[in-house]
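Some notes on the structure that comes next.
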Amino acid sequence: MFIFDSHAHYDDESFDEDRELVIKELKENNIIGVLNCGASLQGARDSVKLAKENSFFYAAVGIHPEFANEVGDLALNELRELSKHEKVRAIGEIGLDYYYDENPSREVQKTAFIKQMELAQELKLPVIIHNRDAHEDTLEILKMFPEVKGVIHCFSGSVEIARECLKLGYYIGFTGVITFKNARKIVDVAKEVPLDRILVETDCPYMAPVPYRGKRNRSEYIKYIIEQLAQVKDLEPENVSEQTILNVNKLLNLK
Ligand SMILES: [Zn+2]
Numbered sequence: 285m286f287i288f289d290s291h292a293h294y295d296d297e298s299f300d301e302d303r304e305l306v307i308k309e310l311k312e313n314n315i316i317g318v319l320n321c322g323a324s325l326q327g328a329r330d331s332v333k334l335a336k337e338n339s340f341f342y343a344a345v346g347i348h349p350e351f352a353n354e355v356g357d358l359a360l361n362e363l364r365e366l367s368k369h370e371k372v373r374a375i376g377e378i379g380l381d382y383y384y385d386e387n388p389s390r391e392v393q394k395t396a397f398i399k400q401m402e403l404a405q406e407l408k409l410p411v412i413i414h415n416r417d418a419h420e421d422t423l424e425i426l427k428m429f430p431e432v433k434g435v436i437h438c439f440s441g442s443v444e445i446a447r448e449c450l451k452l453g454y455y456i457g458f459t460g461v462i463t464f465k466n467a468r469k470i471v472d473v474a475k476e477v478p479l480d481r482i483l484v485e486t487d488c489p490y491m492a493p494v495p496y497r498g499k500r501n502r503s504e505y506i507k508y509i510i511e512q513l514a515q516v517k518d519l520e521p522e523n524v525s526e527q528t529i530l531n532v533n534k535l536l537n538l539k
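In the working numbering, the protein residues as written are 285 to 539.
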């Protein structure tokens, strides 16, 4: 089974000790593509570096809501410069995260999100959206940019929210959460989303699927997400694998 990991953070410090070895093993284990997503400005730089060094790596450059305070003209200009590299295929991850009280204020997050959506529109790049406990505000901002398309990564909303995102032309990203015992809500979403709008992702080092839940995640484990999706949708894992690869290639305008 071939796998394209549509959302990973191999620049994360948890890979500092063995990053090169892990990436070598990914290649040997049929991982044909990885979109490494920047979370901070430094993460964006590191994502581009990984994409330059590894033929099957691509980069998304953007600033996560947790670091929304970083988003000013200087940072936006650097993202614009970074995006000129041909292996930068998306702006992300960007969005809203209202889960942690210590995150920047909602107003700061919304401004940073809107500025980066404007950048995606200007550069005609898709967006990688992070949305945690901010469904209404996220949808409102996505609707301000009807020309911009992308993926709602690590989707955590209801079936109704998923329908709204699909209507706006977005893909839905599934992580290891779908393999968790208490995953009824996301299983219902998977039943609803057509196969040609599904992406699979690790969000590594986090979100490892069962049987590796709680461990450091890596792209090979997407196999368990694909098997679970296949079961939910009554399909063969091979079909899910093939279609999700077509989907991510289409979104990132590859091949
Ligand atoms: Zn992420």
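Where is the CB? At the ideal position from N, CA and C, for every residue including glycine.
Hey, out of the options, whose CA is closest to residue i's CA?
i    : options                : result
T543 : Q393, E386, P495, V516 : Nothing can be reported for residue 543, as the shown portion of the chain is limited to 285 through 539.
A343 : L358, V355, K368       : K368
N466 : K311, L403, S440       : S440
R390 : L403, I436, A474, A418 : A418
R447 : V461, G460, I462, V477 : V477
D518 : R497, R303, V471       : V471
L310 : D300, F288, L325       : F288
Y455 : R481, R468, V473       : R481
R364 : L403, D385, L380       : L403
N361 : K371, L325, E350, D385 : L325
P430 : C449, N531, D385       : C449
E444 : I316, V473, E297       : V473
I542 : T486, V435, N531, Y384 : Absent from the model: residue 542. The displayed extent of the chain is 285 to 539, so no value can be given.
Whole-angstrom Cβ separation of residue i and residue j, contact assumed at under 8 Å?
i    : j    : result
F286 : N314 : 5 Å
L535 : P410 : 5 Å
A292 : C488 : 5 Å
V516 : K469 : Contact doesn't hold; Cβ gap of about 13 Å is too wide.
V345 : L358 : That belief does not hold up - the Cβ atoms of V345 and L358 are roughly 14 Å apart, past 8 Å.
K371 : K336 : 7 Å
Sorry if obvious, but does the Cβ on residue i come closer than 7 Å to a heavy atom of ligand 1?
i    : result
E377 : yes
D487 : yes
H369 : no
C321 : yes
H293 : yes
H437 : yes
What does a CB cutoff of less than 7 Å around residue i pick up in its chain, not counting 5 residues either side in sequence?
i    : result
V484 : S290, F458, I506, I509, I510, T528
N338 : I307
D295 : N320, G327, D330, S331, L334
For residue i, which residues from the same chain have a beta carbon less than 8 Å from its beta carbon, with the 5 sequence-adjacent residues on both sides left out?
i    : result
V355 : I347, T395, A396, K399, Q400
A514 : E520, P521, N523, V524
M428 : I398, M401
M491 : C438, T459, G460, V461, N501
R303 : Y294
H414 : H348, P349, G376, E377, I378, G379, L380, D381, H437, C438
Who are the Cβ neighbours of residue i in its own chain at under 6 Å, not counting the five residues just before and after it?
i    : result
P388 : A352, N353
Y382 : D417, A418
V568 : Outside the displayed span of the chain (285 to 539) sits residue 568, for which this structure offers no information.
K433 : P410, G453
N533 : K539
query = Should the region 369-376 be called in touch with the region 500-510, which here means at least 3 C-beta pairs below 8 Å?
reply = As far as the Cβ criterion goes, the region 369-376 does not touch the region 500-510, which means the pair count is below three.
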